[in-house]
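Let me begin by presenting the structure, written as structure tokens, before commenting on it.
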Amino acid sequence: MKKINNLNLLFVVLMVFAVLTILPSSVKGANPPENILPNPYFEEGITGWTIDAARAVLSIDQKEKSPTGTPVMKVTVNAVGAENWEPEVHSPSFNLTMGKTYTYAIFIKAEPDSVRTLGVNFEQLDTWVGMGQEITLTNEWVEYHFTGVWANASSPPAVVIHIGVNLQKDDFWLSYCRVYEGKFVQEEFGEIPQAVDPMPKSAKLASTWGKIKNDA
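Per full-length UniProt numbering, the very first residue in the sequence shown carries number 1; after that it's consecutive.
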């Protein structure tokens with residue numbers, strides 16, 4: 001009887017191992033939080049994503065491979081303006097609530113042999129206030145993420161992910177964009193570099209960002 005129980009236990013262990021092996025890597029570990037960003041994985045092309053067409057172009061890059069296995073959007077920068085946000089990528093809009101904690105996490109890479117910076121922020125439309133960080137890209141895919149408490153008025157107006165090119169004409173690529181309530185949750189896709197999450201910007205800095213844009 002003891003021998004039969006041991007065989008049953010071995011069978012169960014082998015079955016669990018087999019199931020975990022064939023599951024997609026993105027569902028291993030903790031359940032991912034609800035993504036509130038529309039068209040976050042570019043499965044609908046660039047629908048909802050915008051940029052100043054006079055200076056840059058958004059397109060789905062069929063040749064570029066994301067470490068997540070999802071489509072990749074290329075940002076081709078042809079010209080820049082006088083300000084860091086000219087041109088600026090805007091994501092599809094979503095709503096945020098004052099006092100709640102939110103995170104964005106985005107896979108981004110730059111051109112080969114290129115090191116460039118981007119300003120990646122939560123930005124409220126019309127008021128132009130927000131929070132975020134400056135990031136430095138390389139030619140390798142890295143998941144950049146930022147977490148902060150939304151200290152501004154609740155939506156409406158809606159909020160977007162705003163990406164300023166910082167007066168640099170180098171192209172860059174985006175993939176697997178997430179926006180959700182709560183702190184950063186890492187999904188498993190194998191060995192992928194993770195950017196360090198800095199301390200959230202203060203409300204003073206967020207207000208300054210809005211003032212700069214309104215004064216421009």
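Even for Gly, the Cβ is constructed at its ideal location relative to N, Cα and C. Please read all numbers here as calculations on a predicted model, not as lab measurements.
query                                                                                                                                                                         : result
Could you tell me whether the region 154-167 touches the region 82-95, using the rule of 3 or more Cβ pairs below 8 Å?                                                        : yes
Do you know offhand how far residue 51's Cα is from residue 57's?                                                                                                             : 7 Å
Taking only three categories from DSSP, how would you classify residue 48?                                                                                                    : coil
Between which two residues does the beta strand (DSSP E) carrying residue 280 extend?                                                                                         : Outside the shown range of the chain (1 to 216) lies residue 280, about which nothing can therefore be said.
Looking at the secondary structure, which residues open and close the beta strand (DSSP E) in which residue 98 lies?                                                          : Counting along the chain, residue 98 falls outside any beta strand (DSSP E), and DSSP gives it neither H nor E.
Specify the secondary structure class of residue 25 as computed by DSSP and reduced to three states.                                                                          : Unreliable placement is indicated for residue 25, whose pLDDT of 35 sits below 50; the coordinate value is still reported in the next sentence. In this structure, residue 25 counts as helix in the three-state DSSP scheme.
Tell me whether the region 131-138 and the region 87-99 touch, counting them as touching only if at least three CB pairs, one residue from each stretch, are closer than 8 Å. : no
Return the first residue and the last residue of the beta strand (DSSP E) that residue 141 is part of.                                                                        : First-last for residue 141: undefined, no H or E at that position.
Compute the distance between the beta-carbons of residue 109 and residue 142, then report whether it is under 8 Å.                                                            : yes
Looking at C-alpha atoms only, which residue of 186, 171, 185 is the closest neighbour of residue 112?                                                                        : 171
State the DSSP-derived secondary structure class of residue 178, mapped to helix, strand or coil.                                                                             : strand
By DSSP's criteria, residue 130 is part of a beta bridge. Which residues make up the other side?                                                                              : 123
Which of the three DSSP states, helix, strand or coil, is assigned to residue 77?                                                                                             : strand
Is the separation between the beta-carbon of residue 48 and that of residue 103 shorter than 8 Å?                                                                             : no
Going by beta carbon distance, what residues of the same chain come within less than 8 Å of residue 101, once the five residues before and after it are set aside?            : 147, 148, 149, 150, 181, 182, 183
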